[in-house]
Amino acid sequence: MSGTANIGVVGLAVMGSNLARNLASREGNTVAIYNRSHDKTETLVAEHPEAKFVPAYSYDEFAASLQKPRTAIIMVKAGGATDAVINALVEAFEPGDIIVDGGNALFTDTIRREKAVRETGINFVGAGISGGEEGALLGPSIMPGGSDESWVTLGPILKSIAAVAEGEPCVTHIGHDGAGHFVKMVHNGIEYADMQLIAEAYDLIRRATGKSPAEIADVFAEWNKGELESYLIEITAEVLRQMDADTGKPLVDVILDQAGAKGTGAWTVQTALNLGVPVSGIAEAVFARSLSSHPEQRSVSGELPGPSEGLSVEDTDEFIEQVRLALYASKIVAYSQGFDEIRAGAAEYNWTIDLGAVSKIWRGGCIIRAQFLNRIADAYAESPELSVLLTAPYFVDALGPAQAAWRHIVATAATAGIPAPAFASSLAYYDGLRADRLPAALVQGQRDFFGAHTYKRVDKEGTFHTLWSGDRSEVEAEDTH
Ligand SMILES: NC(=O)c1ccc[n+]([C@@H]2O[C@H](COP(=O)([O-])OP(=O)(O)OC[C@H]3O[C@@H](n4cnc5c(N)ncnc54)[C@H](OP(=O)(O)O)[C@@H]3O)[C@@H](O)[C@H]2O)c1
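Residue numbers (my numbering): 1176 to 1656.
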């Protein structure tokens, strides 16, 4: 006998319970729910009678409550818990059923799980879900991978609960097996960069102008009316305006300055290193959080010599505009690097990923939602094979007038001894791309000297080695890279 629910949710902590409520609020859905600890299931049923949940207290009961093909979304702690739930569902489900992992799984785990579950005839879909608890409740941005067959059943359900941006649901079938979780991982990496860049902008403005956090909140609120319009800029203004009830000070001044991380930024960088993609802006953002979180090192480093002069500017408005331009230019670099990583990942793992569609589903629901993503979608619509996003005409036009201010801000920060690692590394990446010649030629010479790693020449075909410890003549060689 088939059950009454068309969709189930396993894992009823904050994300799962909000997602279950979102599903239940949509026309035509009946939602079965299961959680390892029964109290969470009972609480959710009691607090939300309007959702008409179908509670289950064992995996068999959960399976029996679902219509066939059964579709269940897992929202549990990523890692071993996900494997435990998948194993239990595989036991209780039948071929043709669909198991969706909506947690923040590492994409290589998703590839492994998809392969193992597929052998049972059950479909497994790794789906990245962004937007935090509010997104899960009201409409997240969803990045599903998995088979085309699963997408037929799953697509309409996910479209019904996703955020809507400019009339379009923020969900698309990203690609097979781990493609969805890969794209979600890079989304989070870009989020790290975006947040760090905003933090650097705030720090520079505060130190240079002496404005209070509340006054800087006004600056961000103003910026949010222009090309920087985004959720992160909007919430930055909110955080800066917040006063601490206990002390009467700005909240930002009483929050300990040690940034936490849950690991998806580090995954983005580790994966980029493996793929050979320079995501330097994202990497600096991850490292900046690491540096902040070592108080023992910071406490012994406070006496290191720095510049004698602090930062002061004559024209405050002009400086703030220069910071805005530096932020915009660095943000273009961060997104360009992130999309570069997705392109490289797709090539490595044989996924067909529509980069324009990815930018569109990030316009709503998720943490990096921004107007700016429309420009990225336009760039890929115009040139789907674009190899470096920031070379699209729109971005070249934006970087032209921004670059002088960007250079000035990076130089000013360095001169005043203010760390702006994401601004500075984004600019270095930009100049690296622009350079006619890079000192990589010298690196190749050094590699050939100590390791006979060989080099190529600009003026003829072939691979060469100089007999450094002999007569220093050049010979043709095997290409050893
Ligand atoms: N929080 C966010 O903003 C956010 C945003 C995007 C994605 N995510 C991802 O969404 C997922 C859920 O996040 P969350 O914050 O709601 O919950 P969580 O704290 O990551 O996980 C708690 C849930 O996992 C269950 N669980 C843990 N070990 C288990 C096991 N061995 N077997 C069965 N269930 C087990 C818990 O069940 P019990 O109640 O029985 O302990 C509980 O339902 C995670 O993968 C997270 O990374 C979270």
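Using N, Cα and C, we set each Cβ at its ideal position, and we do this for glycine too.
When 1306, 1478, 1587 and 1434 are compared, the shortest CA-CA separation from residue 1465 is found for 1434. Counting only residues of its own chain and dropping the five nearest sequence neighbours on each side, residue 1240 has a CB closer than 8 angstroms to the CB of 1178, 1179, 1180, 1183, 1207, 1229 and 1231. Take residue 1359, set aside five residues on each side of it, and the residues of its chain with a beta-carbon closer than 6 angstroms to its own are 1303 and 1318, in chain order. Judged by DSSP secondary structure, residue 1299 falls within the beta strand (DSSP E) whose first and last residues are 1298-1305.
Each residue's CA atom was taken as its position, placing residue 1383 and residue 1376 some 11 angstroms apart. Rounded to the nearest whole angstrom, the CA to CA distance from residue 1204 to residue 1198 is 6 angstroms. Residue environment: residue 1270 is assigned as exposed (fewer than 16 neighbouring CB atoms within 10 Å of its CB, all protein chains considered). In the DSSP assignment, no residue is bridged to residue 1608.
Following the DSSP letters along the chain, one finds residue 1411 inside the alpha helix (DSSP H) bounded by residues 1406-1416. Relative to ligand 1, the beta carbon of residue 1215 is positioned inside 8 angstroms of a heavy atom.
Residue pairing by DSSP places residue 1241 opposite 1180 in a beta bridge. Non-local beta-carbon contacts of residue 1429 in its own chain, meaning distances under 8 angstroms to residues more than five positions away in sequence, involve 1419, 1421 and 1422 in chain order. The shortest CA-to-CA distance from residue 1293 to any of 1216, 1262, 1526 and 1310 is the one to 1262.
Beta-bridge partners of residue 1247 (DSSP): 1183 and 1274.
In terms of side-chain proximity, the C-beta atom of residue 1187 is found nearer than 8 angstroms to a non-hydrogen atom of ligand 1. The C-alpha of residue 1543 lies about 10 angstroms from the C-alpha of residue 1367. Annotation for residue 1316: the continuous beta strand (DSSP E) segment containing it runs 1316-1319. Taking the C-beta atoms as reference points, residue 1193 is found nearer than 9 angstroms to residue 1312.
Segment contact: the region 1498-1508 against the region 1578-1596, three or more CB-CB distances shorter than 8 angstroms; contact assigned. Contact check for residue 1448 against residue 1591 fails: the beta carbons are separated by 9 angstroms or more. Judged by DSSP in its simplified three-state form, residue 1207 adopts strand. In this structure, the straight-line span from the alpha carbon of residue 1642 to that of residue 1562 is close to 38 angstroms.
Not one heavy atom of ligand 1 sits closer than 8 angstroms to the Cβ of residue 1399. Three or more beta-carbon pairs separated by less than 8 angstroms are not found between the region 1488-1495 and the region 1594-1601, which leaves the two stretches without contact. By the criterion of at least three beta-carbon pairs nearer than 8 angstroms, the region 1346-1358 is in contact with the region 1282-1293.
Under the three-state reduction of DSSP, residue 1523 is assigned to helix.
Out of 1431, 1539 and 1299, the CA that lies nearest to the CA of residue 1362 is found in 1539. Inclusion of residue 1212 in the 8 angstroms shell around ligand 1 follows from its C-beta lying nearer than that to a non-hydrogen atom of the ligand. Leaving aside the five residues that flank residue 1455 on each side, the residues in its chain whose CB is nearer than 6 angstroms to its CB run, in chain order, 1600 and 1604. Contact annotation: residue 1244 and residue 1273 have beta-carbon atoms nearer than 9 angstroms.
In the structure shown, the three-state DSSP call for residue 1343 is strand. For ligand 1, a non-hydrogen atom lies closer than 8 angstroms to the CB of residue 1304. The beta-bridge partner set that DSSP reports for residue 1351 is empty. Look at the beta carbons and you see the region 1543-1554 touching the region 1393-1410: at least three pairs across the two are nearer than 8 angstroms. Scanning its chain for C-beta atoms nearer than 6 angstroms, with the 5 sequence neighbours on each side dropped, one finds around residue 1347 the residues 1532 and 1536, in chain order.
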